[in-house]
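Residue numbers (this note's numbering): 2 to 163.
Every residue, glycine too, gets a C-beta built ideally from N, C-alpha and C.
Taking it in order: structure first as structure tokens, then the write-up.
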Ligand code: FES
């Protein structure tokens, strides 16, 4: 091999090393730029907590037979229909917040955690719960559906007459 061939081989080797280093640098800049875009997007996007609505439609009153207790699992509310009208009773135990269960055989709402028991209208009967189950505001929408507002508690004797 002549001196000029050796020099060409060295030049080719240096060029390919330079190309390699350029590619590495471009890749690193690309990754850094992408990371900066992600951080900027997260910084500029609203830091809001989306909670479910506290008001919900419970359907047409005809869905509920007289003297029935219907558990709405999504909202954790009992829709109670009596001769007097409708009640929306919280299913959350007033002791430590367990979700109670309607026991039709015993005609009771029972808490599985520590044994509190409530009448179908939420009145406390026994157990460690300090209070009866609260009643939520229940009204009718203009198109005739039941509307429950869990942010507004009302006195237990305030039934919605339909
Ligand atoms: S949480 Fe219901 S009795 Fe304790």
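Within 9 Å, strictly: CB atoms of residue i and residue j
i, j, result
"residue 148", "residue 56", "yes"
"residue 110", "residue 88", "no"
"residue 157", "residue 122", "yes"
"residue 133", "residue 153", "no"
"residue 151", "residue 76", "yes"
"residue 62", "residue 145", "yes"
"residue 116", "residue 98", "no"
Bridge partners - residue i, DSSP secondary structure assignment
i, result
"residue 139", "149"
"residue 85", "Answer is none; residue 85 lacks a bridge partner."
"residue 100", "93"
"residue 79", "72, 90"
"residue 127", "118"
Residue i to residue j span [Cα, whole Å]
i, j, result
"residue 96", "residue 118", "11 Å"
"residue 131", "residue 94", "9 Å"
"residue 114", "residue 32", "52 Å"
"residue 24", "residue 35", "16 Å"
"residue 18", "residue 45", "40 Å"
"residue 86", "residue 163", "6 Å"
"residue 48", "residue 39", "15 Å"
"residue 100", "residue 27", "57 Å"
"residue 70", "residue 135", "15 Å"
"residue 16", "residue 50", "54 Å"
"residue 142", "residue 60", "10 Å"
"residue 155", "residue 140", "12 Å"
"residue 72", "residue 58", "14 Å"
"residue 120", "residue 64", "22 Å"
Cβ neighbour criterion (16 or more within 10 Å) applied to residue i
i, result
"residue 161", "buried"
"residue 104", "exposed"
"residue 84", "exposed"
"residue 90", "buried"
"residue 82", "buried"
"residue 29", "exposed"
"residue 37", "exposed"
Residue i at chain B interface by Cβ criterion, 9 Å
i, result
"residue 84", "The chain inventory of the structure shown lacks chain B, comprising one protein chain alone."
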